[in-house]
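K.L.:
Chains as they are written, first to last, in my numbering: chain S, 3 to 117; chain U, 2 to 114.
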């Protein structure tokens, strides 16, 4: 079965620092990849998604992610974080082998940005 | 559009009690799903539906029932609540194509004593 690993459970950064959050999935084949963000007390919002084409995708609020098929990875990046980026970030995948109706999430990475 | 709505926002149950978590969407989405969110485990799929009258199990279906009588509504039933079901529950919906993004509701925080 598909699984998603997010290597960093907690990340603490100062404002203006660069961010990279790791995400790896276990099963190859055709997949769609997503990053969702959950701000404190709020529901999940889509940051960005990869379906096909350019492996470098840009999302909202200056976030981007790179799909590296050979590494089964979809890491999230932001060159300069802000205090307002404090949130929990979830990587998710659907497609092979469970199908497009089953979105599988990683455990999440909790990011704290200090001013 | 209201998007995906969930009621109640908070609920406390005693072990053995039953209840229904409500979910509705006004985007005419065929696909709806229920997830539970637990610390350190991300979101796990409980049940999903690809249209009225069609439901299927996700990763963690035990202890939960669903039905889909209309496109708009997808209630989640706990028949006999257990402390292990203490969690935050999210409902989501999307169009039927795998390419479409899931839209999440605001969540229901459930505590089972």
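From the three backbone atoms N, C-alpha and C, an ideal C-beta is built for every residue, glycine too.
If I'm right that residue 54 of chain S touches residue 28 of chain S with Cβ under 8 Å, what's the distance once you round it to whole angstroms?
P.N.:
That belief does not hold up - the Cβ atoms of residue 54 of chain S and residue 28 of chain S are roughly 20 Å apart, past 8 Å.
K.L.:
Is residue 33 of chain U close to chain S? Criterion is C-beta to C-beta, closer than 8 Å.
P.N.:
It does not; no Cβ of chain S falls within 8 Å.
K.L.:
For residue 52 of chain U, which of helix, strand or coil comes out of DSSP?
P.N.:
It is a strand residue.
K.L.:
Alpha carbon to alpha carbon, how far is residue 90 of chain S from residue 116 of chain S? Give it in angstroms, no decimals.
P.N.:
Near 15 Å, if we compare the C-alpha coordinates of residue 90 of chain S and residue 116 of chain S.
K.L.:
Can a CB atom of chain U be found closer than 8 Å to the CB of residue 9 of chain S?
P.N.:
Judged by the 8 Å Cβ criterion, residue 9 of chain S is not in contact with chain U.
K.L.:
How many angstroms separate the CA atom of residue 10 of chain U from the CA atom of residue 107 of chain U?
P.N.:
Their backbone Cα atoms lie some 8 Å apart in a straight line.
K.L.:
Between residue 108 of chain U and chain S, is any beta-carbon pair separated by less than 8 Å?
P.N.:
Yes, because at least one Cβ of chain S sits closer than 8 Å to the Cβ of residue 108 of chain U.
K.L.:
Starting from the C-beta of residue 47 of chain S, find all residues in its chain whose C-beta is less than 6 Å away, skip the five residues before and the five after it, and write them out in chain order.
P.N.:
Counting only Cβ-Cβ distances below 6 Å, and skipping sequence neighbours, we find 39.
K.L.:
Taking residue 75 of chain U and residue 36 of chain U to be in contact with their CB atoms under 8 Å, please state how far apart those CB atoms are, rounded to whole angstroms.
P.N.:
Not confirmed; about 12 Å, so no contact.
K.L.:
Give me the Cβ distance between residue 10 of chain S and residue 96 of chain S, rounded to the nearest whole Å; I'm assuming they're in contact under 8 Å.
P.N.:
About 23 Å; that fails the 8 Å criterion.
K.L.:
Output needed in chain order: residues of the segment 95-115 of chain S with a Cβ under 7 Å from some Cβ in chain U.
P.N.:
Residues passing the 7 Å Cβ filter: 96, 97, 102, 103, 104, 105, 107, 108, 109, 110.
K.L.:
Could you pull the DSSP bridge partners for residue 105 of chain U from this structure?
P.N.:
Looking at the DSSP assignment, residue 105 of chain U forms a beta bridge with U/93.
K.L.:
With a threshold of 16 other CB atoms inside 10 Å of the CB of residue 85 of chain S, please say whether the residue is buried or exposed.
P.N.:
Looking at its Cβ environment, which holds fewer than 16 other Cβ atoms inside 10 Å, residue 85 of chain S is exposed.
K.L.:
Interface residues of chain U around residue 12 of chain S at Cβ under 7 Å?
P.N.:
Under the 7 Å cutoff, chain U gives no residues; its nearest Cβ is about 10 Å from residue 12 of chain S.
K.L.:
Between the alpha carbons of residue 111 of chain S and residue 78 of chain S, how many angstroms are there, rounded?
P.N.:
Taking the straight line joining both Cα atoms gives about 11 Å.
K.L.:
Could you have a look at residue 88 of chain U and say whether DSSP puts it in helix, strand or coil?
P.N.:
Here residue 88 of chain U sits in strand by DSSP.
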